[in-house]
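Numbers 39 to 187, taken from this note's numbering, label the letters of the sequence shown in order.
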Amino acid sequence: MPPSFDVTALLAELRALESKVQIIAQRMNVIERNEQIIGRTLISHNKTLKEIESGIVERPAGGVIGGEGSQQEELALIEKSVSETEDILSKLKEQVDSNTRSIDEVKQAVAELKFLFDSLNPAELVTADQLKEFLAESHSLRGVRKSKR
């Protein structure tokens with residue numbers, strides 16, 4: 039007799055794996071959006087940095103940045119911000135890569151479970167006596183339901 043499988047447990051595990059894949063996909067979407075925002079921030083910082091280097095930047099109040107010292111300080115702050123943004127961007131890329139690998143592993147597990155379900159033949163998992171017992175229980179339950187009506 040072939041080994042007995044608990045189909046309901048396998049189905050529950052398959053549903054759990056599918057929900058995990060969906061959660062990972064949602065997280066990846068959030069990470070990708072954050073990556074785009076950080077990329078735009080990085081571009082604007084680089085643009086501002088180039089403008090400062092060429093001495094064109096004006097303060098929001100309307101005055102031109104005065105003195106070489108204040109330009110150097112602002113330049114140092116922007117460079118620090120750009121490097122921090124680049125670090126965050128690289129960490130996000132690592133997370134995306136890690137999540138992609140996790141999704142691939144879960145997809146493979148789901149595919150294996152689906153193959154297992156497709157290859158299962160319920161007739162091979164039940165003996166004739168078990169089938170007769172099940173049919174008898176099912177028939178008696180139907181009789182109980184009809185008598186309650």
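Beta carbons are placed, not taken as given, at the ideal position from N, Cα and C, and that holds for glycine.
Treat the numbers as computed from the prediction; the structure is a model and nothing was measured.
Just verifying my parser: in three-state terms, what is the DSSP assignment at residue i?
i	result
residue 16	A question about residue 16 goes unanswered here, because the residues of the chain that appear run from 39 up to 187.
residue 148	helix
residue 9	One cannot answer for residue 9 here, as it falls past the ends of the chain, which runs 39 to 187.
If I follow the unbroken alpha helix (DSSP H) through residue i, where does it start and stop?
i	result
residue 59	45-92
Taking the alpha carbon of residue i as the point to measure from, which residue in the options has its own alpha carbon closest?
i	options	result
residue 55	156, 147, 75	147
residue 138	67, 178, 174, 90	67
residue 133	62, 48, 51	62
residue 53	155, 70, 128, 85	155
residue 70	118, 57, 127, 110	127
residue 45	157, 176, 78	157
residue 122	49, 166, 76, 64	76
residue 49	168, 174, 153	153
residue 78	177, 120, 175	120
Are the CB atoms of residue j and residue i within a distance shorter than 8 Å?
i	j	result
residue 116	residue 59	no
residue 84	residue 130	no
residue 124	residue 80	yes
residue 51	residue 163	no
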